[in-house]
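These notes are about the structure you will find just below.
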Amino acid sequence: MEDSLRGIPKQNQNLNNVLMKYSSFLKQAEENLVPIFSEIDAKVKQNLYKVIEAFRHHRVGVQHFAGVSGYGHDDLGRDTLDGVFAQVMGAESSAVRVQFVSGTHAIACALYGILRPGDELLSAVGSPYDTLEEVIGLRGSCQGSLADFNISYRQLPLTAANTVDWQGLETAVRPETRLVLIQRSCGYSWRPSLAIADIARIIEIVKAQNPHTLCFVDNCYGEFIETVEPTAIGADLMAGSLIKNPGGTIVTAGGYLAGKEEWVEAGAYRLTAPGIGREGGATFDQNRLLFQGLFLAPQMVGEAMKCNHLLAYVFAQLGYPVNPAPLAPRRDVIQAIQLGSPEKLLAFCRALQGASPISSYLQPVPAAMPGYASEVVMAGGTFIDGSTSELSADGPLREPYTVFCQGGTHWTHMAIALEEILAAFEALEDGEKA
Numbered sequence: 356m357e358d359s360l361r362g363i364p365k366q367n368q369n370l371n372n373v374l375m376k377y378s379s380f381l382k383q384a385e386e387n388l389v390p391i392f393s394e395i396d397a398k399v400k401q402n403l404y405k406v407i408e409a410f411r412h413h414r415v416g417v418q419h420f421a422g423v424s425g426y427g428h429d430d431l432g433r434d435t436l437d438g439v440f441a442q443v444m445g446a447e448s449s450a451v452r453v454q455f456v457s458g459t460h461a462i463a464c465a466l467y468g469i470l471r472p473g474d475e476l477l478s479a480v481g482s483p484y485d486t487l488e489e490v491i492g493l494r495g496s497c498q499g500s501l502a503d504f505n506i507s508y509r510q511l512p513l514t515a516a517n518t519v520d521w522q523g524l525e526t527a528v529r530p531e532t533r534l535v536l537i538q539r540s541c542g543y544s545w546r547p548s549l550a551i552a553d554i555a556r557i558i559e560i561v562k563a564q565n566p567h568t569l570c571f572v573d574n575c576y577g578e579f580i581e582t583v584e585p586t587a588i589g590a591d592l593m594a595g596s597l598i599k600n601p602g603g604t605i606v607t608a609g610g611y612l613a614g615k616e617e618w619v620e621a622g623a624y625r626l627t628a629p630g631i632g633r634e635g636g637a638t639f640d641q642n643r644l645l646f647q648g649l650f651l652a653p654q655m656v657g658e659a660m661k662c663n664h665l666l667a668y669v670f671a672q673l674g675y676p677v678n679p680a681p682l683a684p685r686r687d688v689i690q691a692i693q694l695g696s697p698e699k700l701l702a703f704c705r706a707l708q709g710a711s712p713i714s715s716y717l718q719p720v721p722a723a724m725p726g727y728a729s730e731v732v733m734a735g736g737t738f739i740d741g742s743t744s745e746l747s748a749d750g751p752l753r754e755p756y757t758v759f760c761q762g763g764t765h766w767t768h769m770a771i772a773l774e775e776i777l778a779a780f781e782a783l784e785d786g787e788k789a
């Protein structure tokens, strides 16, 4: 075998060694997950049917792909898409806009649109995602945060088991609590992401204390995981990003608000201006991609879920802590793995980057990122910059050096990336021994 490997670059030798060492192991992992993959396909079919029904109900045609310029008034495609999206999400109304810079921007518009001085924002699931800390005012100063406008913030800590404090939630709502923030995904934490049943229970407990307190869901990474969305089970408003699940890997930018008409409009006034709301905002000839991305979304989310099951299965077998567990139902498209060292975090991200179709030749390095408290290493050779519906991984450079992997247009891409990652870990171990 040594003679056959002479002249082959060392990187390829490592990959060949890994393939010989792990080929049956990886094949067995794929075979063991076939029943779960079949269940995911059945769920994709349900969600796709829901999308098709909305398209048919709103009589979507090629005329809706055209956009308007300038102020963006009377954009038939944009307004029709709002109706389609609202129906798919089980909401009264929606605002799907390319002007939202990110999911954080859409969430911020919702919060600023609703909250007023003297109001309280309560997080029901512990600490919020890093990028919301400066929006709330937990970090930074003089940026126009909620705290700068005398909007207070409080969070209900998680239990020792990293779950919602259901008992504490029963008395958490105060007279000044205007809005309860429910972050569906785990973010950069080790807690389980929320199931739709968990969100419904939170809403029920909050509304029992004060029916006028609004329940807002950060739905990033959660769309099409289950067959209903938070707005279909009582959430007043939710927000998300179009370069995540609902963009189907092809939407180039944007975000959305969906929920009750009054609160969608309030968030839209913050995106544009009072008096304009959803009536303005050109779509820059993106309507076709927005419609098509929504149509593709159930399928792409299904593939991302398969990627996560495979990744979790392999790393759990290798002895790494994973969240969620390999065979556990998915609640978002994020798979977390505690790697235990900065070297392994970097090796993982660099190997995944190397298995990407775009910029595979680049080496991810840790860097400060806008909105994040720690340096972050990010890997994503994606067609859409920053897309997390395409295969990508990232993690903050802090203990326990957890990598968060998400997206994937087909589970076989993850299978290929896993071979590269295992080869990188082998090389790392060889270097440590030397």
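Residues in the sequence shown are numbered from 356 upward in steps of one, following my numbering.
Glycine included, C-beta positions come from ideal geometry on N, C-alpha and C.
| query | result |
| --- | --- |
| How is Phe380 classed by DSSP in three states: helix, strand or coil? | helix |
| Rounded to a whole number of angstroms, what is the C-alpha to C-alpha distance between Gly589 and Leu524? | 17 Å |
| Going residue by residue through the stretch 434-503, where are the continuous alpha helix (DSSP H) segments of at least 4 residues, counting only ones entirely within it? | 458-469 and 488-491 |
| How far does the beta strand (DSSP E) with Val606 in it reach, from first residue to last? | Taken as a continuous stretch (DSSP letters only), Val606 belongs to no beta strand (DSSP E), as it is neither H nor E. |
| Please return the same chain residues whose Cβ sits closer than 8 Å to the Cβ of Ser544, not counting the five positions on each side in sequence. | Gly481, Ser482 and Asn517 |
| For Pro547, count the other beta carbons within 10 Å of its own beta carbon; 16 or more makes it buried, fewer makes it exposed. Which is it? | buried |
| Label Met375 either buried or exposed according to how many other C-beta atoms from any shown protein chain fall within 10 Å of its C-beta, with 16 as the threshold for buried. | exposed |
| For Cys662, is the classification buried or exposed, using 16 other Cβ atoms within 10 angstroms of its Cβ as the cut-off for buried? | buried |
| So which of Asn565, Pro684 and Leu666 has the shortest CA-CA distance to Val677? | Leu666 |
| Roughly how far, in whole angstroms, is the beta-carbon of Met706 from the beta-carbon of Ala659, given that I think they are within contact range, below 8 Å? | Before going further, note that residue 706 is Ala rather than Met in the sequence given. Actually they do not touch by this definition, with Cβ atoms about 19 Å apart. |
| Return the bridge partner residues of Asn345 from the DSSP annotation. | Given a span of 356 to 789 for the chain in the structure shown, any question on residue 345 remains unanswerable. |
| Per DSSP, Val731 is paired with what? | Ala722 and Pro751 |
| Give every residue of the same chain whose Cβ lies closer than 7 Å to the Cβ of Ser449, excluding the five residues on either side of it in the sequence, and list them in chain order. | Asp437, Phe440, Ala441, Tyr611, Leu612, Ala613 and Val619 |
| According to DSSP, Leu701 sits in a beta bridge with which residue or residues? | According to DSSP, which records beta bridges pairwise, Leu701 is partnered with nothing at all. |
| If contact is defined by three or more beta carbon pairs under 8 Å, each pair taking one atom from either stretch, is the stretch 399-410 in contact with the stretch 620-634? | no |
| Thinking C-beta only, is Val389 closer than 8 Å to Glu774? | no |
| Between which two residues does the alpha helix (DSSP H) carrying Asp553 extend? | Ile551 to Gln564 |
| State buried or exposed for Asn574, treating a residue as buried only when at least 16 other CB atoms are found within 10 Å of its CB. | buried |
| Does the beta-carbon distance from Gly603 to Gly648 come in below 8 Å? | yes |
| Over the uninterrupted beta strand (DSSP E) stretch that includes Val399, give me the two end residues. | No beta strand (DSSP E) holds Val399; the alpha helix (DSSP H) holding it covers Val389 to His412. |
| Do you know offhand how far Leu592's Cα is from Arg414's? | 26 Å |
| Taking the alpha helix (DSSP H) that Gly523 belongs to, which residues open and close that run? | Trp521 to Leu524 |
| Residue range of the beta strand (DSSP E) that Cys760 falls in? | Thr757 to Gln761 |
| Rounded to a whole number of angstroms, what is the C-alpha to C-alpha distance between Ala728 and Arg494? | 8 Å |
| Since Gly648 is in the alpha helix (DSSP H), which residue starts that stretch and which ends it? | Asn642 to Gln672 |
| Can you tell me which of the three DSSP states Asp573 falls into? | strand |
| Name the residue from Val399, Arg753, Ala552 and Gln564 whose alpha carbon lies nearest to the alpha carbon of Val535. | Gln564 |
| Would Ile771 be called buried (16 or more neighbouring beta carbons within 10 Å of its own) or exposed? | exposed |
| Would Ser478 pass as an interface residue toward chain D - the criterion being a Cβ-Cβ separation below 8 Å? | Going by chain labels, chain D is absent from the structure shown, which holds only one protein chain. |
| Apply the 10 Å Cβ neighbour rule to Asp434 and answer buried if 16 or more other Cβ atoms are within range, or exposed otherwise. | exposed |
| Just how far apart, CA to CA, sit Asp358 and Asn371? | Low confidence applies to Asp358: its pLDDT is 36, below 50, so where it sits in the model is not reliable, and the reading given next is rough at best. The alpha-carbon atoms of Asp358 and Asn371 are separated by roughly 13 Å. |
| Per DSSP, which one or two residues make a beta bridge with Val535? | Leu477 and Cys570 |
| Going by C-alpha to C-alpha distance, which of Ser478, Glu698 and Val519 sits closest to Pro721? | Glu698 |
| Name, in chain order, the residues that DSSP records as bridge partners for Gly614. | Ser448 and Leu592 |
| Tell me, please, whether the stretch 483-491 touches the stretch 649-658 by the rule of three or more beta-carbon pairs shorter than 8 Å. | no |
| Would you identify the three-state DSSP class for Tyr426, choosing helix, strand or coil? | coil |
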